[in-house]
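Report on the structure given below.
Chains as they are written, first to last, in my numbering: chain A, 84 to 171; chain B, 84 to 171; chain C, 3 to 148; chain D, 3 to 148.
Structure below.
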């Protein structure tokens, strides 16, 4: 828990999960947090294979769809990458 | 069978059956038969309670829908009275 | 069998099994139940269904052929029950299995619409008189299943 | 339960039971099955479904509320399976029970369209390479269920 308190848990699904070969990432952030758009850019820089999936995805912040990319993402938050849905 | 050979079997359904309280009628016809429209008029004359159902119905002659009311109905034929359908 | 007129209980699970087939990704089933409507004679407790069997089966088979040709349905079910049905019982089950869902919906809709309009099946309401409550008069409703 | 995400087999008969209710004369059920399509990686033999569970359940519950409000659906089923599904298995069952059939068809169509468009569920194809026959080349088909 201590470790998670200084990190954001990134959840990856479908093409994003396949691009990285894993379901979750622990992403370190400062105690003040980071803007969502900066977080996404940093992810794309660190994992170029994730770029395509990130561009096509919606983001879900602590279970709620993120409409404002200036929202601060803080330590302990959950940040999910949702590629286009394919249920049915 | 001898008796049926000089008669038409009239099949009554739904409101037509309820109007007369029976499912079938044996209707005598001459060996040359009778035109369908004349048969229907004779039925309505003999059973006034059947008039309403007859006006709303389609007729089925030996299992086929009757489109031409001048068709002759001959002894041994089946003549069905189909009020509007209500399946489902 | 894809076309059926029977006095026995209709099984939707059985219909689903009849609608299995390779490559048929979308299955739509419609089931009609007897409703406790209020008719002229009171509260409906049952419907008596009757049919003119031979022309009805021919017409059902023609509807099945049409659904296969028009919507590419790979499997079709057109089942109707006859005899006395109590409120809540299933009177009709139709279904279509197609490659995709849009065609399956259109086909199933076509099946039930055609069945109701053109198959010689009739229902007669069996109702009990209803005592009208003094304070809250009920609205009359006389529509039947589906 | 009317909203369900499960790794167990979906029962259409169970859905029909969940869609019973007084006065609900029209019931429409859609079931989607895994199709043996040909994708880029070959012939599909299974689909792996995954979901983001909490937001998915919230979204399913919202779709159910919408269907009740917009179409007067008295009972709604929105069930999706997750995990590995082989060709022919049922991945999704949605259904609506209404007083009349037109509303039930519209509601069921709404349920599956909304589910596919807006619920966080994904599928990944599992395929085997196909050797192309020399004489009768197959047509490529890459669409998935429903």
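We treat Cβ as the ideally placed atom computed from N, Cα and C, and that holds for glycine.
In this text the structure is predicted, and so the values were computed from the model without any measurement.
Against chain C, the CB of residue 105 (chain D) has no partner CB under 7 Å away; the residue lies outside that interface.
Across the set D:6, D:4, D:10, the C-alpha of D:10 shows the shortest separation from the C-alpha of residue 86 (chain D). A direct Cα-Cα distance of roughly 9 Å separates residue 44 (chain D) from residue 133 (chain D). The three-state secondary structure of residue 171 (chain B), taken from DSSP, is coil. Residue 47 (chain C) carries a strand assignment under DSSP once its states are collapsed to helix, strand and coil. In terms of Cβ geometry, residue 169 (chain A) and residue 125 (chain D) form a close pair [threshold 7 Å]. Leaving aside the five residues that flank residue 7 (chain C) on each side, the residues in its chain whose CB is nearer than 7 Å to its CB run, in chain order, 53, 55, 58, 59, 82, 84. At a C-beta separation below 7 Å, residue 25 (chain C) has these neighbours in chain D: 37, 38. Taking CB atoms only, residue 130 (chain A) has no neighbour in chain D less than 7 Å away. Per DSSP, the beta bridge partners of residue 148 (chain A) are A:143. If you check the CB distance, residue 75 (chain C) and residue 30 (chain C) do not come in under 7 Å.
Residues of the stretch 106 to 137 of chain D whose Cβ lies closer than 8 Å to any Cβ of chain A, in chain order: 114, 117, 118, 119, 120, 121, 122, 123, 124, 125, 126. A direct Cα-to-Cα measurement between residue 132 (chain B) and residue 119 (chain D) gives close to 58 Å. DSSP places residue 98 (chain C) in the uninterrupted beta strand (DSSP E) bounded by 92 to 100. With fewer than 16 other Cβ atoms from the protein chains shown falling within 10 Å of its own Cβ, residue 139 (chain A) counts as exposed.
Going by DSSP, residue 132 (chain A) is part of no beta strand (DSSP E) at all; its letter is neither H nor E. By the CB criterion at 7 Å, residue 123 (chain B) and residue 91 (chain B) fall outside the cutoff. Residue contact check for residue 97 (chain B) against chain C: a CB pair falls below 7 Å. Annotated as distal: residue 14 (chain D) and residue 78 (chain D), with beta-carbon spacing of 7 Å or more.
Taking 7 Å as the Cβ-Cβ cut-off, the stretch 137 to 149 of chain B approaches chain C at 143, 146, given in chain order. Comparing alpha-carbon positions, the option among D:111, D:112, D:89 lying closest to residue 36 (chain D) turns out to be D:89. Annotation: Cβ neighbours of residue 94 (chain B) in chain C (cutoff 7 Å, chain order): 54. Here the C-alpha atom of residue 51 (chain C) lies approximately 12 Å from the C-alpha atom of residue 91 (chain C). Across the structure, residue 39 (chain C) and residue 101 (chain B) are spaced so that their CA atoms are roughly 21 Å apart. Under a 10 Å Cβ-count criterion, residue 160 (chain B) is classified as buried, with 16 or more other Cβ atoms of the shown protein chains found around its own Cβ. Boundaries of the beta strand (DSSP E) around residue 111 (chain A): 107 to 111. Along the stretch 80 to 96 of chain D, going in chain order, the ones with a CB nearer than 8 Å to a CB of chain A are 82, 93, 94. Residue nearest to residue 117 (chain C) within the set C:33, C:61, C:27, C:48 is C:61 (criterion: CA-CA distance). Relative to residue 106 (chain B), the option among B:135, B:153, B:94, B:126 whose CA is nearest is B:94. Shown here for residue 23 (chain D): same chain residues with a beta carbon closer than 7 Å to its own, the five before and five after excluded, namely 76, 77, 99 in chain order. In the DSSP assignment, residue 32 (chain D) falls within the beta strand (DSSP E) that extends over 28 to 35. Against chain C, the CB of residue 163 (chain B) has a partner CB under 7 Å away; the residue lies at that interface.
By the neighbour-count definition (other C-beta atoms within 10 Å, threshold 16), residue 122 (chain D) is a buried residue. Among the residues facing chain A, residue 41 (chain D) is not included, as its CB has no counterpart in that chain under 7 Å away.
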